[in-house]
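Here the structure is laid out as structure tokens; the discussion comes afterwards.
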Amino acid sequence: MDETDIQILDKVAAGDREAFAEIVARYQRRLFDLAFRMTGNAAEAEDIVQTAFIRMFSSLSSYRRELAFGNWAYTITLNLARNRLRRGGLLRFLPFLSGAESEAGAVPEPKDPGGGPEDALASRDMRGALEAAIAGLPADLKEAFVLFHIHKVPAKDIAETLGVSPNAVSLRLFKARERLSRVLSPVYPEQYGG
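Under the working numbering, read the sequence shown as residues 243 to 436, first letter to last.
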């Protein structure tokens with residue numbers, strides 16, 4: 243049976259610094275995916291994740307064990323990404339899944355239009371439109387949308403991660419879906435129309 247995050251953190255606290263490598267292995271891809279989707283820059287995302295792990299390791303004594311470790315990791319990573327975006331003005335369209343596809347999930351697929359080459363091209367175009375629309379969301383809506391729909395984080399955990407109420411998360415998800423529908427339904431009414 244795999245060890246829980248808490249069991250691994252107990253080993254780290256007991257002096258087994260190498261055990262932290264298991265935490266890194268568990269969360270590195272997810273945190274990179276989140277940082278990349280927020281910044282749109284692979285080098286920035288790598289730097290953010292490295293900084294996040296350093297911050298987690300050096301702050302383990304302040305980690306509150308009643309909170310899920312993953313939520314704490316997401317919170318630290320999101321805060322670092324927000325700071326980079328504010329400081330560096332990195333807001334841009336994000337090239338979702340172009341070389342940064344993760345195991346954590348993928349952008350929700352539009353309905354499959356069929357099977358021929360034209361249909362595959364149309365589906366790829368539709369996916370690109372969806373990715374661009376997600377990239378164009380305001381940061382607070384994008385954070386909630388990416389965590390919920392792509393990383394499959396439960397809404398209550400997103401609330402904990404973002405430091406807002408579960409109702410605020412639901413509202414952000416509603417607004418994100420509404421904006422995406424407004425952008426995509428004129429071009430793809432069958433797939434994204436109300």
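Ideal Cβ placement from N, Cα and C applies to all residues, glycine included. Quick caveat: nothing in here was measured; it's all calculated off a predicted structure.
- Per the C-alpha coordinates, the member of ASP399, VAL425, LEU320 positioned closest to MET298 is LEU320.
- When secondary structure is reduced to three states using DSSP, VAL429 falls in the coil class, being assigned neither helix nor strand.
- In this structure, the beta-carbon distance from LYS253 to ALA263 does not fall below 7 Å.
- Counting every other CB atom within 10 Å of its CB across the protein chains shown gives ILE296 a total below 16, marking it as exposed.
- Of all C-beta pairs linking the segment 374–394 to the segment 414–434, three or more are shorter than 8 Å, placing the two stretches in contact.
- Comparing alpha-carbon positions, the option among LEU389, ALA401, LYS384, PRO396 lying closest to ARG421 turns out to be LYS384.
- Between ASP289 and the set ASN325, PHE387, ARG268, the nearest pair of CA atoms involves ASN325.
- In the structure shown, SER412 falls within a helical segment according to DSSP collapsed to helix, strand and coil.
- For ASP258, no alpha helix (DSSP H) run applies, since DSSP gives it neither H nor E.
- Here PRO408 is near LYS398, since their CB atoms are less than 7 Å apart.
- Judged by beta-carbon spacing, PHE311 lies beyond the 7 Å limit of ASP244, meaning their Cβ atoms are not closer than that value.
- Short of 6 Å from the beta carbon of LEU322, and not among the five residues preceding or following it, lie these beta carbons of its own chain, in chain order: ILE290, THR293, ALA294.
- Annotation for SER300: the continuous alpha helix (DSSP H) segment containing it runs 284–300.
- In the DSSP assignment, LYS394 falls outside any alpha helix (DSSP H), carrying neither H nor E.
- Pairing ASN283 with THR403 gives a Cβ-Cβ distance that is not under 7 Å.
- DSSP, reduced to helix, strand and coil, places LEU273 within a helical segment of the structure shown.
- Cβ-Cβ distances below 6 Å link THR317 to THR403 in the same chain, with the five nearest sequence neighbours on each side left out; the list follows chain order.
- Linking MET280 to LYS394 through their CA atoms gives a straight-line distance of about 16 Å.
- In the three-state reduction of the DSSP assignment, ARG307 falls in the coil class.
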